[in-house]
Amino acid sequence: MPFGVRSRRLRTVCALLAAALPWAVRRPILVHVLGHSIHPTARVGFSLVDVGHLELGPGAEIGHLNVVRGLDRVTLGRSAVLAHLNWVNAVRRDRGFLQGVDRSPELVLGPCARIMVLHLLDCTARIELRERATVAGYQSLLMTHSFDPATHSQTAQPIVVGERTVLAARVTVLPGAEVAAHSLVAAGAVVVRPLPGSHHLYGGVPARVLGTLAPDTGFLVAEEEIAR
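Our numbering runs 17 ahead of the 1-based position in the sequence shown.
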């Protein structure tokens with residue numbers, strides 16, 4: 018947190034106040050009190066954003082009734098969206114939990130990437146959605162930390178969702194998974210390992226290749242935004 022209030026408790030109080038106030042008041046608190054970087058065309062709705070640093074690019078948007086807490090950094094690129102009613106959480110670095118684990122509690126959304134409604138993201142390690150990647154539908158879980166029974170210890174590994182890849186409803190993505198670019202993960206799938214092949218339809222438990230996608234499939238080439 019390079020700027021703004023340093024006290025953890027005071028930052029949380031300020032974030033709570035900002036969440037309930039009109040945008041004309043909320044924005045100065047986020048920028049001048051908490052030290053976040055918010056482009057003039059970006060916007061934060063009635064949401065709790067209690068993180069080390071927030072960076073919103075041109076046209077980026079955090080909607081209403083999201084809870085975003087515990088992360089070192091949240092970055093939304095140009096026109097990226099965190100829509101509504103999402104829970105984005107992380108174990109802070111200053112907690113004793115996960116001591117000695119190399120991790121970055123971050124959420125990074127590339128240009129035009131989207132997380133829609135009622136999703137749960139554990140950003141104890143970094144979660145990255147690359148350009149135009151989308152967590153669609155409802156109730157997906159992206160989980161970056163887990164218990165390793167072999168070593169009787171907690172571990173944390175990052176998750177990456179590739180460019181223009183779409184996760185449908187109720188997809189579970191487990192620590193260390195990476196979904197290749199230009200792919201579709203079907204509803205209810207559980208991604209337990211990297212899925213490296215692009216232009217594929219993945220599904221099942223655990224997720225596996227179910228088919229291929231033509232390079233000219235609509236969502237892979239569309240430039241216009243889909244209305245939320």
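C-beta: ideal position from N, C-alpha, C; glycine also.
Is residue i helix, strand or coil when you go by DSSP?
i           : result
residue 151 : strand
residue 95  : coil
residue 53  : coil
residue 204 : coil
residue 68  : coil
residue 34  : helix
residue 100 : strand
residue 42  : helix
residue 84  : strand
residue 47  : helix
residue 210 : coil
residue 61  : strand
residue 73  : strand
residue 28  : helix
residue 110 : coil
residue 134 : strand
residue 22  : coil
On the DSSP letters alone, give me the boundaries of the beta strand (DSSP E) that residue i sits inside.
i           : result
residue 231 : Looking at the DSSP string, residue 231 is not in any beta strand (DSSP E), and its letter there is neither H nor E.
residue 105 : 104-106
residue 188 : Segment: none, residue 188 is in no beta strand (DSSP E) and carries neither H nor E.
residue 16  : Any property of residue 16 remains undetermined from this structure, which presents the chain solely from 18 to 245.
residue 123 : 123-126
Which same chain residues, not among the five before or five after residue i, have their C-beta less than 6 Å away from its C-beta?
i           : result
residue 84  : 65, 104
residue 72  : 54, 92
residue 80  : 62, 100, 101
residue 244 : In this prediction, residue 244 has a pLDDT of 49, which is less than 50 and means its spatial position is unreliable; nothing more can be read from the coordinates.
residue 237 : 181, 199
residue 60  : 78
Excluding sequence positions up to five away, which residues of its chain have a Cβ less than 7 Å from the Cβ of residue i?
i           : result
residue 50  : 21, 22, 31
residue 165 : 172
residue 213 : 197
Quick one: residues in its chain with C-beta nearer than 8 Å to the C-beta of residue i, no 5 flanking neighbours on either side, listed in chain order?
i           : result
residue 215 : 179, 197, 198, 199, 200
residue 233 : none
residue 229 : 216, 217, 218
residue 82  : 62, 63, 64, 101, 102
residue 208 : 188, 189, 190, 191, 194, 196, 202, 219, 223, 224
Identify every residue that forms a DSSP beta bridge with residue i.
i           : result
residue 176 : 144
residue 160 : 139
residue 89  : Answer is none; residue 89 lacks a bridge partner.
residue 240 : DSSP lists no partner for residue 240.
residue 165 : 170
Is residue j closer than 7 Å to residue i when the C-beta atoms are compared?
i           : j           : result
residue 128 : residue 76  : no
residue 176 : residue 144 : yes
residue 186 : residue 155 : yes
residue 86  : residue 67  : yes
residue 184 : residue 163 : no
residue 167 : residue 141 : no
residue 27  : residue 35  : no
If we define contact as Cβ-Cβ less than 7 Å, is residue i a contact residue for chain B?
i           : result
residue 177 : Absent from the structure is chain B; it holds one protein chain and no more.
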